[in-house]
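Take the sequence shown: its position 222, counted from the start at 1, is 230 in this note's numbering, and no numbers get skipped.
Glycine included, each C-beta is placed from N, C-alpha and C at the ideal position.
Values in this document were obtained by computation on a predicted structure and should not be read as measured data.
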Amino acid sequence: MWPRELPFRVAFSFACFGGIISLVLCIWVYFAVQEIGMRIVDRNLTDEMDDFIARRTRNPSSTPLKTTTLMGFVHPAKQTDPSVPPPLLKLQPGLHNIDINHISYRALVKKTQNMSFFILYDHTLLHKKWELHFLFILIMSSLGMTVIAAIGGYGLTSWVIAPIKDLAREVNAMTEIAPGKKLSRHFSRDALGELAKVLAHRQDQLLNLIERERAFATDVSHELRNPLAIIQGVVEILQNDHSLSNSIANPIHRLARAVSDINILTSALLLLARAEVDKTPSHAVCLVSEVIDKVLERNQFRLKGKSAKLRVQIDAQPQLNAEPVFVQIVIGNLIRNAFNFIHHGEVHIHLEEERLTITDTGVGMDPHVLDKIFQKPFKGTASQGSGVGLTLVKRICDHHGWQVTIQSQPNQGTIAQFFFRPQV
């Protein structure tokens, strides 16, 4: 997999940029050196030609120049002179590139009143040898520049982002209750220091929000407990009065269920607010099947008057390390939704070792609604609640490492699954 770290990406960019620049420079140097070499050769040919003509003028019997790379010719030639290759006789005065017997030459032609002088420079062997060495040097230089650019880019980027990494480590090392001033005082007054100040300010804001939430949950819980206890006591007394008519007894039963639901919700909010700050693992143990029995007992009335059947299948007895009230809220929400939105058909509750599946043949949900069910605030079009049920379920699951998934089709039903371990 391609590394996603910034230093590697910058080093790769530097290497590509350096490679392109070095390649362009190498091509330019190659042709520039070739041009300079050609000019040097032409200058040498001119000097040798002037010397050859001068010697020939002083001594008509002097032999033409002949070395490993240079050969001279004269036309018309004497008996002691080498014969002039026919291709040379066709050349006009000046410098030319010519092939004779599959050998490349640089030729200089000069004519006087009655004679023609030729000098050939054989650059085939020397040119090939020089070209190979020069290409090798250019290739190694290009590779070296690319490597240097990559190393330099990596080092430069590492040096530039080192303070950012320090800031990231400081932020990551901070606890949720650490004040923001511990962060801002470690950095200088540059742009990074300003960023640290902003993060510190946000940290303090989050601390204030957490503290207010804890205070709210604690205050609400304590303030509601006494009135709820009084209401619950009165309701229990009324429930034990068998002389009451059904028109009075039924509302009392609904009131008793509502009081119990409020007690569960306030307890859960208080415990969750404490647990999200204190990361100490819970030592409580909850048997999922017992929670299902309690939830079904409390919500069985929701199926009255409906042509819907309930089927419960218990294939395992999983235990969770969590407060029972949290498990009760998650399962209660899923079962309550299944009961509320079905009119006929079946609700199937299936408990396995690692998950609880609740399947219903109710009204189902549209895809655009399904994408928003865990967002806050959200309430379905057919819902009569406050729209916080599944939001609280998600919050509880995120805290405990559980997972809830919901699949639904309009007018076909819904499948809700409660996984006791996260699914990959």
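Only counting the same chain, and skipping five residues up and downstream in sequence, which positions put a Cβ closer than 6 angstroms to that of residue i?
{"i": "I172", "result": "none"}
{"i": "H358", "result": "Q321, T365"}
{"i": "S416", "result": "G372, M373, L378, T422"}
{"i": "H83", "result": "V92, S124"}
{"i": "R344", "result": "N307"}
{"i": "A19", "result": "A158, G161, Y162"}
{"i": "A424", "result": "L342, I366, I414"}
{"i": "S391", "result": "Low confidence applies here, because S391 scores a pLDDT of 47, under 50, leaving its location unreliable and the question unanswered by this model."}
Count the other C-beta atoms from every protein chain shown that fall within 10 angstroms of the C-beta of residue i, then say buried if there are 16 or more, exposed otherwise.
{"i": "D368", "result": "buried"}
{"i": "Q325", "result": "exposed"}
{"i": "Q121", "result": "exposed"}
{"i": "N216", "result": "exposed"}
{"i": "T154", "result": "buried"}
{"i": "V335", "result": "buried"}
{"i": "K211", "result": "Sequence check: residue 211 is Gln here, not Lys. By the neighbour-count rule (16 or more Cβ atoms within 10 Å), Q211 is buried."}
Quick check: the Cα distance between residue i and residue j, rounded to an integer number of angstroms?
{"i": "P454", "j": "I48", "result": "Not covered by the structure: residue 454. The range shown for the chain is 9 to 432."}
{"i": "V242", "j": "V299", "result": "26 angstroms"}
{"i": "E331", "j": "V293", "result": "7 angstroms"}
{"i": "H104", "j": "A62", "result": "22 angstroms"}
{"i": "P90", "j": "F81", "result": "7 angstroms"}
{"i": "N248", "j": "R306", "result": "18 angstroms"}
{"i": "S21", "j": "L164", "result": "12 angstroms"}
{"i": "W167", "j": "C24", "result": "20 angstroms"}
{"i": "Y38", "j": "L97", "result": "33 angstroms"}
{"i": "H131", "j": "L140", "result": "14 angstroms"}
{"i": "R429", "j": "L33", "result": "60 angstroms"}
{"i": "D59", "j": "S30", "result": "43 angstroms"}
Grab the span of the alpha helix (DSSP H) containing residue i for me, first residue to last.
{"i": "V117", "result": "Unbroken run through V117 is the beta strand (DSSP E), 111-119; no alpha helix (DSSP H)."}
{"i": "V371", "result": "Where V371 is concerned, there is no enclosing alpha helix (DSSP H), given that its DSSP letter is neither H nor E."}
{"i": "L103", "result": "That residue, L103, is in no alpha helix (DSSP H); its beta strand (DSSP E) goes 102-108."}
{"i": "T399", "result": "397-408"}
{"i": "L128", "result": "L128 -> not in any alpha helix (DSSP H); beta strand (DSSP E) instead, spanning 124-130."}
Could you check where the beta strand (DSSP E) with residue i kicks off and where it finishes?
{"i": "G421", "result": "421-427"}
{"i": "F334", "result": "Premise fails: F334 lies in the alpha helix (DSSP H), 332-348, not in any beta strand (DSSP E)."}
{"i": "E354", "result": "352-359"}
{"i": "L97", "result": "No beta strand (DSSP E) contains L97, which is instead part of the alpha helix (DSSP H) from 94-97."}
{"i": "L318", "result": "315-322"}
{"i": "L73", "result": "Element bounds for L73: n/a, residue is neither H nor E."}
Who are the near neighbours of residue i in its chain, counting only those whose CB is closer than 7 angstroms to its CB and skipping five residues on each side?
{"i": "M57", "result": "L116, K118, F125, I127"}
{"i": "E354", "result": "A316, K317, R319, T369"}
{"i": "V267", "result": "L236, I239, Q240, V243"}
{"i": "S251", "result": "none"}
{"i": "Y129", "result": "V49, L53, T77, L78, Y113, R114"}
If residue i and residue j are in contact, beta carbons under 8 angstroms, what's the gap, nearest whole angstrom?
{"i": "T88", "j": "T71", "result": "6 angstroms"}
{"i": "I8", "j": "L328", "result": "The structure shown has nothing for residue 8, since the chain only spans 9 to 432."}
Ignore the nearest five residues each way along the sequence and tell me which others in residue i's own chain have a CB closer than 8 angstroms to its CB.
{"i": "F427", "result": "E362, R363, W410, Q411, V412, T413"}
{"i": "I156", "result": "G26"}
{"i": "I260", "result": "V243, L246, Q247, L252"}
{"i": "H351", "result": "K314, S315, A316, G370, V371"}
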